[in-house]
Structures are given as structure tokens and as C-alpha cells.
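Engineer:
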Amino acid sequence: MVLFEQQGEPYVSLEFDATGARQFEKVTEENTGEYMAIMLDDEVSSAPIINEKIGGGRAKISMGGNRPRQEILNEAQALVTVLTHGAYKAPVHKIHDYEVGPSLGQDTIDSGILSLVVGVALVFLFMLVYYRGSGLIAVAGLALNVLFTVAILIGFNAALTMPGMAGIVLTVGMAVDANVLISERIREEIRLGKGPRASMEAGYKNAFSAILDSNLTTALTGIILLNYSSGAVYGFAVTLLIGIVVTFVTQVFITRLIYDWYIDRFRPNHLSIGI
80 MVLFEQQGEP YVSLEFDATG ARQFEKVTEE NTGEYMAIML DDEVSSAPII NEKIGGGRAK
140 ISMGGNRPRQ EILNEAQALV TVLTHGAYKA PVHKIHDYEV GPSLGQDTID SGILSLVVGV
200 ALVFLFMLVY YRGSGLIAVA GLALNVLFTV AILIGFNAAL TMPGMAGIVL TVGMAVDANV
260 LISERIREEI RLGKGPRASM EAGYKNAFSA ILDSNLTTAL TGIILLNYSS GAVYGFAVTL
320 LIGIVVTFVT QVFITRLIYD WYIDRFRPNH LSIGI
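To convert a position in the sequence shown, counted from 1, into the numbering used here, add 79.
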């Protein structure tokens, strides 16, 4: 309520119940000298300074300022309205209702998993058809990519949500991009007349900087999302960052180990890369 000082200056008086008094005393003790924001609809209506610890269940907000008395009074009354805003009871009217069955969430999860599986399968098929033997190595890397990403999520007891699935799909796309870069660089080296090992080593070397730049820029985006988001977007960012690290390791190092093993074991005269 609005009360008046002896000099006639208006101020806002607050009263708390026992629970509120204890909480308010603790807050004012911990934040003496700080501003206390009074908000309505996410907008700051007033921000008085806490001068001291306030106990006893009563508090006073001085309006202050060298302004006309009526202006100060209007501001005090407006502040009272803000403070008592939550005390008014608003009538509730039912406009419509509907029922949501327990299978709705499961249907969404099933659809997400199906989309993920179909998308990854189509990518595998494309790599096999277009790059042949080298595509098989790429598919092995992609399969390990998905496996490691899911394993890490399970290791941290993270739930695989729809945003998480979207993050996995995106990292698979990035892995495919890395494989395409490597395969095309190997093709270029083969066209220059180099042998299998020389072509493979030069291909990985020439594609490394582009793959690193792509992963770093995407990781930067993921870090920003991780720090300035919550809920579904946060889950997407976590999965994306895990996927980026896994993608870089599998596509740059593990697939190269597979190439090295294949060349050392079978000593091919040329690499099957769709040429």
C-alpha cells in the first residue's frame, strides 16, 4: 500500500507472511547494496537499492527524487499495482479440450528413428554406388561415426531426443562431406598418375585443411548454441558438438587406417574409387 512520510513524501509499504518474511530477510542480507528488480511481464518496473537486511516481515520502498509530489504518488501507486498483480483472481473459462494418448510421444520417436535410419541408409547407398571400393571404406567410417556418437550419449546417460537425432543426421552429413573431399582429392592424385599409397596420402593431406575449417566453424556455432540456449536447442548443440569430434576422428584418422591396412594387406595396383 502507499503510505506517507512525516514530511508528506509517499512510499510503498510491504508486508510479508512468516514464510515470505524469512525469505525476504535472507535475500536482503545476501544482496545488501544491490538493486532489487521488481518485474511485470519480463519488464523491470522498479529497481530500488537494498540498503540493509530487512527482517520482521515489513519493508519500505522510498520513491525519492526531486519531482512533483503528484508524479511521485502516481509512481508509487503504479508500483503497488505491479506488486499486487499476482494477487488478483482471474476467471478461468474452458474454450476447448482434447485428449493426447500415451502413444503420441512413442509415435514421434519411432518416426524420428525411421527417418534417421532411412537417411543414413540412403547416404550409405550413394557412397557405395558412386565411389565403389572407396565408398565401402567411407561407409565403414560413417557407421563407426553413428555408433561412437550414440555410445558417447549412452555413456553420459543422455536421452536420445528428436533434436539429438537431428544433430546426428547433421553430423552424418558433415562426415559425408569429409569423405567426398577426401575421395575427390584421391581421384585427382590418381589422374596425375600416382600409385595407390601416394594418391591416398596426398588426398588426405590436401583435404585436411578444408575438413578442419568446416568442423571448426560448425563447432563454433555449436558452442554458441550451448551457451545461449536451453531445452531442445541445448540438446541439439550437445549432440552436434559430440558428433563433430567423432566425425573428425573417424573420417580423418580411422578411415585412413583402413586405407593403410587395405593397401598393405592386398597391395592393389589401383584404388577402386569410381573412375
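By construction, the Cβ of each residue, glycine as well, lies at the ideal position given by its N, Cα and C atoms.
Small disclaimer: the values here were computed from a predicted structure and weren't measured.
Just verifying my parser: in three-state terms, what is the DSSP assignment at R137?
Structural biologist: By one-based count along the sequence shown, residue 137 stands at place 58. R137: strand per DSSP, three-state reduction.
Engineer: Excluding five sequence neighbours on each side, which residues of the same chain lie with their C-beta closer than 8 Å to the C-beta of N110?
Structural biologist: If you number the sequence shown from 1, residue 110 lands on position 31. Correct list, in chain order: I129.
Engineer: With distances taken between CB atoms, is the gap from M53 to I133 smaller than 8 Å?
Structural biologist: Outside the shown range of the chain (80 to 354) lies residue 53, about which nothing can therefore be said.
Engineer: Fully enclosed by the segment 187-256, which beta strand (DSSP E) runs are 3 residues long or longer?
Structural biologist: none
Engineer: Going along the chain, which residues of its own chain have a beta-carbon closer than 7 Å to the beta-carbon of S351, five neighbours each way excluded?
Structural biologist: Along the sequence shown, read from residue 1 onward, the residue named residue 351 stands at position 272. Once the five neighbours on either side are set aside, the close Cβ partners of S351 are R211, G212, S213.
Engineer: Kindly give me the distance between the Cβ atoms of E263 and S278, rounded to whole angstroms, as I take these residues to be in contact under 8 Å.
Structural biologist: As a working mapping, residue 263 is identified with position 184 in the sequence shown. As a working mapping, residue 278 is identified with position 199 in the sequence shown. Not really, about 12 Å apart at Cβ, beyond 8 Å.
Engineer: Nearest CA to the CA of V325: which residue from L232, K139, M118?
Structural biologist: Here the question's residue 325 lines up with position 246 in the sequence shown. Comparing Cα positions, the closest option is L232.
Engineer: Say whether the segment 223-232 touches the segment 294-306, bearing in mind that this needs 3 or more beta-carbon pairs closer than 8 Å, one atom from each stretch.
Structural biologist: No: fewer than three Cβ pairs fall under 8 Å.
Engineer: Please classify L299 as buried or exposed, where buried requires at least 16 neighbouring CB atoms within 10 angstroms.
Structural biologist: The sequence position of residue 299 within the sequence shown is 220, counting from 1. By the 10 Å Cβ count, L299 comes out exposed.
Engineer: I need the DSSP call for V91, collapsed to helix, strand or coil.
Structural biologist: If you number the sequence shown from 1, residue 91 lands on position 12. In this structure, V91 counts as strand in the three-state DSSP scheme.
Engineer: Opposite L82 in the DSSP bridges: which residues?
Structural biologist: The residue labelled residue 82 in the question sits at position 3 within the sequence shown. Looking at the DSSP assignment, L82 forms a beta bridge with Y90.
Engineer: Per DSSP, what kind of secondary structure is Y307 in: helix, strand or coil?
Structural biologist: Translated into positions along the sequence shown, residue 307 becomes position 228. Of the three classes helix, strand and coil, the one that applies to Y307 here is coil, per DSSP.
Engineer: With 16 other CB atoms within 10 Å as the buried threshold, where does Y220 fall?
Structural biologist: Here residue 220 refers to the residue found at position 141 when the sequence shown is read from its first residue. The sequence shown places Gly at residue 220, rather than the Tyr named in the question. Per the 10 Å Cβ criterion, buried.
Engineer: Quick check: the segment 274-293 against the segment 309-316, are at least 3 beta-carbon pairs closer than 8 Å?
Structural biologist: no
Engineer: Using 10 angstroms around the beta-carbon of Q185, count the other beta-carbons present and answer buried if the total reaches 16, otherwise exposed.
Structural biologist: Taking the sequence shown and counting its residues from 1, one reaches residue 185 at position 106. It counts as exposed.
Engineer: Using the three-state DSSP reduction, which class does S288 fall into: helix, strand or coil?
Structural biologist: Taking the sequence shown and counting its residues from 1, one reaches residue 288 at position 209. The answer is helix: DSSP assigns S288 an H, G or I state.
Engineer: Return the bridge partner residues of M118 from the DSSP annotation.
Structural biologist: Taking the first residue of the sequence shown as 1, we reach residue 118 at position 39. DSSP lists V123 as partners of M118.
Engineer: Could you pull the start and end residues of the alpha helix (DSSP H) that R344 belongs to?
Structural biologist: Taking the sequence shown and counting its residues from 1, one reaches residue 344 at position 265. Residues 334-345.
Engineer: What does the alpha-carbon distance come out to for the pair A155 and V161?
Structural biologist: The residue given as residue 155 occupies position 76 in the sequence shown. The residue given as residue 161 occupies position 82 in the sequence shown. Using only the alpha carbons, I get a separation of about 10 Å.
Engineer: Using the DSSP secondary-structure output, state which residues sit across from I323 in a beta bridge.
Structural biologist: To locate residue 323, count along the sequence shown from 1; it is residue 244. Answer is none; I323 lacks a bridge partner.
Engineer: Taking all protein chains shown into account, decide if V123 is buried (16 or more other Cβ within 10 angstroms of its Cβ) or exposed.
Structural biologist: Within the sequence shown, residue 123 is the residue found at index 44, counting from 1. Label assigned to V123: exposed.
Engineer: For I128, which residues does DSSP report across the bridge?
Structural biologist: As a working mapping, residue 128 is identified with position 49 in the sequence shown. DSSP output for I128 lists Y114 as bridge partner(s).
Engineer: According to DSSP, simplified to helix, strand and coil, what is N348?
Structural biologist: The sequence position of residue 348 within the sequence shown is 269, counting from 1. Reduced to three states, the DSSP call for N348 is coil.
Engineer: What three-state label does DSSP hand P147 in the structure shown?
Structural biologist: The residue labelled residue 147 in the question sits at position 68 within the sequence shown. P147 falls in the coil class under three-state DSSP.
Engineer: Distance check for N236 and P347, CA to CA, integer angstroms please.
Structural biologist: Looking up residue 347 in the sequence shown gives position 268. Looking up residue 236 in the sequence shown gives position 157. Taking the straight line joining both Cα atoms gives about 44 Å.
Engineer: Using only alpha-carbon positions, find the residue among T250, L215, M241, T240 that is nearest to T228.
Structural biologist: The sequence position of residue 228 within the sequence shown is 149, counting from 1. Checked all of T250, L215, M241, T240; the closest Cα to T228 is T250.
Engineer: Quick one: is P147 buried, meaning 16 or more other Cβ sit within 10 Å of its Cβ, or exposed?
Structural biologist: Along the sequence shown, one-based indexing puts residue 147 at 68. Burial check for P147: the Cβ neighbour count within 10 Å stays below 16, so the residue is exposed.
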